[in-house]
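Colleague: Residue numbers (our numbering): 1 to 142.
Glycine is no exception: its CB is placed at the ideal position from the N, C-alpha and C atoms.
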Amino acid sequence: MIYALDTSVVSALRRRGPDDAPALEWARGVSQDLVYLPAIVLAEIRYGIALVERRGDVDQAARLDAWFQGLNGIYQDRVLDFTFNGAMVAGEILARPDAPGMADCLIAATARVHGATVVTRNGRDFARTGVEYMDLWRDSGT
């Protein structure tokens, strides 16, 4: 089994605050060669950094960008690409009446196509996609 980190978990691992303990504990106990980043998560993070840049917070943007470059180096061989098959699965997930937002649907589809379990803090959103997931702050589910 491989794991696909949701943006919420990547952010928790960066912050390392008291509320982030579930992600930190999980990360310490899992073999890192089983942990992957969906390309969509990288897009979400880059988008967040671009928003910080746009609002003019140059120092924070530089700190986040340096962290992001390090993250890219760590996961360069463990990125789950969004593929044609992922697009087909995403279309099915998005058609559900209770589908979560676009990014979560794309992450879920990517995970399903690659046989990964999504590791998240937003289990309620991923529960509506039918993908296997683990909510580190709640019980895991499918």
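Taking the beta strand (DSSP E) that A116 belongs to, which residues open and close that run?
Modeller: A116 to T120
Colleague: Got a sec? Which residues, its chain only, sit under 8 Å from I2 by beta carbon, not counting five neighbours each side?
Modeller: L34, V35, Y36, H114, G115, A116 and T117
Colleague: Which runs of the beta strand (DSSP E) spanning at least 3 residues fall entirely within the segment 5-39, listed in chain order?
Modeller: 35-38
Colleague: Does the beta-carbon distance from R121 to L106 come in below 8 Å?
Modeller: no
Colleague: Using the rule of at least 16 other Cβ atoms within 10 Å of the residue's Cβ for burial, across every protein chain shown, is F126 buried or exposed?
Modeller: buried
Colleague: Would L80 and T110 be called neighbours here (beta carbons separated by less than 8 Å)?
Modeller: yes
Colleague: In chain order, what residues of the same chain have a beta carbon less than 8 Å from the beta carbon of A99, not counting five sequence neighbours either side?
Modeller: I93, C105, R128 and T129
Colleague: Buried or exposed: L51, going by 16 or more other Cβ atoms within 10 Å of its Cβ?
Modeller: exposed
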